[in-house]
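Student: For reference, the structure I am asking about is given below.
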Amino acid sequence: MPQNPPPLSGPVLDTCAESWGRTVEALGSRLGGAEIDGWLGGCSLLSLAGGVATLSAPTRLHADRLKTLYEPLICEALPASRIEIEIRPVAMAPPPTEAPPLAPEPVVAAARPPLVDKGEDPLLLNPDYTFENFVVGPCNRFAHAAARGVADRPAAAFNPLFLYGSVGLGKTHLVQAVAHELARSKAPSRILYLSCEQFVNHFIAALQQGDLNAFRNRYRHVDVLIVDDIQVLANKTRTQEEFFHTFNTLHNARKQIVLSCDAPPEDIPSLQDRLISRFQWGLVAEVEPPCFETRVAILHAKAERMGLSIPEDVAHLVAEVVEDNVRELEGSLTRVQAMAALTGRPITVDLAREILGPRLHAKAKIIRIEDVVDAVCRRFEVRLAELQSRRRTHSIVFPRQIAMWLIRRLTSFSLEEIGSFFGGRDHSTVVYALGKISSRRRVDGEFNLLLEDLERDSRAVSGSRG
Ligand code: ADP
Ligand code: MG
């Protein structure tokens, strides 16, 4: 007699939905509503078996976010020992409707709008600013994934995409990469990339010539509008007004908008509140200064494109000295290369030291290995001799690894030198320690604060040394 299949799906699904509901609630009390709506709202629990929770997430970006930031919390709440994520796109949620109804817009010429597209010159892109040439690291992983998401699914993933960060960190590179990618794709689309300054100038000219229709025609009939350095709108009331309507028209028509800025929306001086809130509608992502490893990777990538091979120790030295601006990082490499070419000398650490001279001295004077160790020993109440000993208890290993990481970050000692300072350890032990600290730092905000504290302490010790 055939047996009835067990009624699996109903109860199991119910249980999953319930468990997920409870999890989201538990996380909500710790993370706040916006995080929950933005990142967990579109996710669900598919199964929970053998300690593994399988979740669905609408995009790769959601998946990455869940994995890197929320895994411990989710595991604790469910409970589970780890999570796995399947990407299952869902229909896009309608945009928030807090905006008041729009004033009727001036009628734009009904004729077919000009095609601002791939071949035409408004798309003046730097051919190097592609995704292929962009080095991804912890500092920009989120912004990069967001940009990729937009390039893959314009107007469906995040709208607008708002990238911000300080100068020389790759914002223009990323937003142009989106333009490149879309321009390459088969689907015909009108892409307009420009700096905000061009927008402002064009608008002023249109006002002066009484030709607003043509202006609006151009900006409001594109599929993708990318505006670089939107902070230029600061204090420009009339252009803000115009941009507001451009934004609304495109957003309502489900056209993609991508903006870059040197600050988050709320920090742009005298930006209208309604623009601030619109800029926050989609996804706001920060591009942070690159960490040491990313700086090294960028140098190698850039060298490769220049047809140059730079020794590892030179890359390390440059990356140690030039810390928070990728443009300057590239500039230093170019200077090293030029010096080598002009003098016929090979690219060595000595040559790099000459080029980096002033910066190197300024930095070397600041912090010594002892300053860091002093700060760490005080904080953890351990002695230097213990850090240098073979002891491997957690209470010693942990401060030892932190000290290694800080020394690597704050001084120009090599991996070998650091290893030998700590009781003649191998350089691979140092590499392991750096990796441990770096990965914890990425997911643990409190730990990060501890490291920042220790960095400050180290500087203070070095300062008091006189
Ligand atoms: P921003 O617009 O943030 O001021 P840019 O996009 O102009 O910075 O970047 C400055 C330079 O650094 C450019 O040459 C860019 O290609 C390079 N750059 C920045 N970040 C990266 C990265 N992650 N990988 C490769 N090159 C980068
Ligand atoms: Mg820029």
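First residue of the sequence shown: 1403, per this note's numbering; consecutive thereafter.
Using N, Cα and C, we set each Cβ at its ideal position, and we do this for glycine too.
1. Taking its Cβ as the centre, do 16 or more other Cβ atoms sit within 10 Å of Ser1866, making it buried, or is it exposed?
2. At a cut-off of 6 Å, would you count Thr1574 as near the ligand ADP, judging by its Cβ distance to the nearest heavy atom?
3. I need the straight-line Cα distance from Gly1521 to Gly1572, nearest angstrom please.
4. How do the segment 1632-1644 and the segment 1539-1546 stand: do at least 3 beta-carbon pairs fall below 8 Å, yes or no?
5. Count the other C-beta atoms from every protein chain shown that fall within 10 angstroms of the C-beta of Arg1618, then say buried if there are 16 or more, exposed otherwise.
6. Over the uninterrupted beta strand (DSSP E) stretch that includes Cys1663, give me the two end residues.
7. Any heavy atom of the ligand ADP within a distance shorter than 6 Å of the CB on Val1577?
8. Would you list the residues sitting across from Tyr1595 in a DSSP beta bridge?
9. Quick one: is the Cβ of Arg1729 within less than 6 Å of any heavy atom of the ligand ADP?
10. So, is the C-beta of Cys1779 closer than 7 Å to a C-beta in chain C?
11. Specify the secondary structure class of Glu1725 as computed by DSSP and reduced to three states.
12. Starting from the C-beta of Phe1681, find all residues in its chain whose C-beta is less than 7 Å away, skip the five residues before and the five after it, and write them out in chain order.
13. Inspect the beta-carbon positions of Glu1583 and Ala1553 and report whether they are closer than 7 Å.
14. To the nearest angstrom, how far is it from the Cα of Ala1505 to the Cα of His1647?
15. Using a Cβ-Cβ cutoff of less than 6 Å, which residues in the same chain neighbour Ala1493 once the five nearest sequence positions on both sides are dropped?
16. If you draw a straight line from the C-alpha of Leu1701 to the C-alpha of Thr1532, how long is it?
17. Let's test the definition: count the other Cβ atoms within 10 Å of the Cβ of His1623 and tell me whether it reaches 16, buried, or not, exposed.
18. If Val1833 sits next to Ala1805, beta carbons under 8 Å apart, how far is it from one beta carbon to the other, in whole angstroms?
19. Less than 6 Å separating the Cβ of Gly1733 from some heavy atom of the ligand ADP?
20. Measure the CB-CB distance between Glu1688 and Gly1570 and report whether it falls below 7 Å.
21. Over what stretch of residues does the beta strand (DSSP E) that includes Val1454 continue unbroken?
22. Count the other CB atoms within 10 Å of the CB of Ile1820; is the residue buried (16 or more) or exposed (fewer)?
23. Take the Cβ of Glu1507 as the centre, count every other Cβ of all protein chains shown within 10 Å, and call the residue buried at 16 or more, exposed below.
24. Is the beta carbon of Phe1849 closer than 7 Å to that of Arg1843?
25. Do Ile1700 and the ligand ADP come close, with the Cβ less than 6 Å from some heavy atom?
26. Between Asn1528 and Gln1578, what straight-line distance do the alpha-carbon atoms span, to the nearest angstrom?
27. Use the C-beta contact count for Arg1811: other C-beta atoms within 10 angstroms, 16 or more gives buried, fewer gives exposed.
28. With 16 as the cutoff for other CB atoms within 10 Å, does His1653 come out buried or exposed?
29. Kindly examine the ligand ADP and report whether one of its heavy atoms sits closer than 6 Å to the Cβ of Phe1536.
30. Do Ala1465 and Ala1482 have their beta-carbon atoms positioned less than 7 Å apart in this structure?
31. Measure the C-alpha to C-alpha separation of Leu1576 and Arg1550 and round it to an integer number of angstroms.
32. Could you give the DSSP three-state label for Tyr1566: helix, strand or coil?
33. From what residue to what residue does the alpha helix (DSSP H) around Leu1463 run?
34. With DSSP as the reference, label Ile1712 as helix, strand or coil.
35. Closer than 7 Å by C-beta to Leu1463: which residues in its own chain qualify, once you throw out the five before and the five after it? Chain order, please.
Tutor: By the coordinates alone:
1. Counted from its first residue, the sequence shown places residue 1866 at position 464. So Ser1866 counts as exposed.
2. On the sequence shown, position 172 is the one that residue 1574 refers to. Correct: Thr1574 has its Cβ closer than 6 Å to the ligand ADP.
3. Taking the first residue of the sequence shown as 1, we reach residue 1521 at position 119. Taking the first residue of the sequence shown as 1, we reach residue 1572 at position 170. Low confidence applies here, because Gly1521 scores a pLDDT of 35, under 50, leaving its location unreliable; read the following figure in that light. Distance between the alpha carbons of Gly1521 and Gly1572: 25 Å.
4. no
5. As a first step, residue 1618 is located in the sequence shown; it is residue number 216 there, counting from the start. So Arg1618 ends up on the buried side.
6. By one-based count along the sequence shown, residue 1663 stands at place 261. That run of the beta strand (DSSP E) goes Gln1658 to Cys1663.
7. Here residue 1577 is taken as the residue at index 175 of the sequence shown, counted from 1. Not under cutoff, so the answer is no.
8. Here residue 1595 corresponds to residue number 193 of the sequence shown, with the count starting at 1. DSSP lists Ile1628 as partners of Tyr1595.
9. Here residue 1729 corresponds to residue number 327 of the sequence shown, with the count starting at 1. Under cutoff, so the answer is yes.
10. Included in the structure is just one protein chain, with no chain C present.
11. As a position in the sequence shown, residue 1725 is number 323, starting the count at 1. DSSP places Glu1725 in coil when its eight states are reduced to three.
12. Along the sequence shown, read from residue 1 onward, the residue named residue 1681 stands at position 279. Cβ neighbours of Phe1681 beyond the five flanking positions: Pro1562, Phe1564, Leu1661 and Pro1667.
13. Sequence index remark: in the sequence shown, residue 1583 carries index 181 (1-based). Sequence index remark: in the sequence shown, residue 1553 carries index 151 (1-based). For Glu1583 and Ala1553, yes; Cβs fall inside 7 Å.
14. One-based indexing of the sequence shown puts residue 1505 at position 103. One-based indexing of the sequence shown puts residue 1647 at position 245. Confidence is the limiting factor: at Ala1505 the pLDDT is only 33, short of 50, which leaves the residue's position unreliable, though a coordinate-based value still follows. The straight-line gap from Cα to Cα measures roughly 9 Å.
15. Here residue 1493 corresponds to residue number 91 of the sequence shown, with the count starting at 1. Low local confidence applies: a pLDDT of 46 at Ala1493 is under 50, so the model's placement there is unreliable, with the coordinate-based value given in what follows. Once the five neighbours on either side are set aside, Ala1493 has no close Cβ partner at all.
16. Here residue 1701 refers to the residue found at position 299 of the sequence shown. Here residue 1532 refers to the residue found at position 130 of the sequence shown. If you take the alpha carbons of Leu1701 and Thr1532, they lie about 16 Å apart.
17. Taking the sequence shown and counting its residues from 1, one reaches residue 1623 at position 221. Buried.
18. Against the sequence shown, residue 1833 aligns to sequence position 431. Against the sequence shown, residue 1805 aligns to sequence position 403. Between Ala1805 and Val1833 the Cβ distance is about 15 Å, and since that is not below 8 Å, they are no contact.
19. For this step, residue 1733 is matched to residue 331 along the sequence shown. Incorrect: Gly1733 has no Cβ contact closer than 6 Å to the ligand ADP.
20. The sequence position of residue 1688 within the sequence shown is 286, counting from 1. The sequence position of residue 1570 within the sequence shown is 168, counting from 1. Against a cut-off of 7 Å, the Cβ pair of Gly1570 and Glu1688 comes out as no contact.
21. The residue given as residue 1454 occupies position 52 in the sequence shown. Here the beta strand (DSSP E) through Val1454 covers Val1454 to Ala1459.
22. Stepping through the sequence shown from its first residue, residue 1820 is reached at position 418. When all chains shown are included, Ile1820 counts as buried.
23. Translated into the one-based positions of the sequence shown, residue 1507 becomes position 105. No answer about Glu1507 holds up, because its pLDDT of 32 lies below 50 and its placement is not dependable.
24. For this step, residue 1843 is matched to residue 441 along the sequence shown. For this step, residue 1849 is matched to residue 447 along the sequence shown. Contact: yes.
25. Here residue 1700 corresponds to residue number 298 of the sequence shown, with the count starting at 1. It does: the Cβ of Ile1700 is within 6 Å (strictly closer) of some heavy atom of the ligand ADP.
26. Residue mapping note: residue 1528 aligns to position 126 of the sequence shown, counting from 1. Residue mapping note: residue 1578 aligns to position 176 of the sequence shown, counting from 1. Each residue's alpha carbon lies about 8 Å from the other.
27. As a first step, residue 1811 must be located in the sequence shown, where it is residue number 409. With 16 or more other Cβ atoms within 10 Å, it is buried.
28. Within the sequence shown, residue 1653 is the residue found at index 251, counting from 1. It is buried - the Cβ of His1653 has at least 16 other Cβ atoms within 10 Å.
29. Residue 1536 sits at position 134 when you count from the first residue of the sequence shown. Checking every heavy atom of the ligand ADP against the Cβ of Phe1536, one is found closer than 6 Å.
30. One-based indexing of the sequence shown puts residue 1482 at position 80. One-based indexing of the sequence shown puts residue 1465 at position 63. No, they are not a contact pair.
31. Translated into positions along the sequence shown, residue 1576 becomes position 174. Translated into positions along the sequence shown, residue 1550 becomes position 148. When rounded, the distance between both Cα atoms is 9 Å.
32. The residue you call residue 1566 lines up with position 164 of the sequence shown. Three-state result, Tyr1566: strand.
33. Looking up residue 1463 in the sequence shown gives position 61. Counting along the chain, the alpha helix (DSSP H) containing Leu1463 begins and ends at Arg1462 to Arg1467.
34. Locating residue 1712 in the sequence shown gives position 310, counting from the first residue. Note: Ile1712 maps to coil in three-state DSSP.
35. What you label residue 1463 is simply residue 61 of the sequence shown in a count that begins at 1. For Leu1463, where only same-chain residues beyond five positions count, the Cβ hits under 7 Å are Ala1547, Ala1548 and Gly1551.
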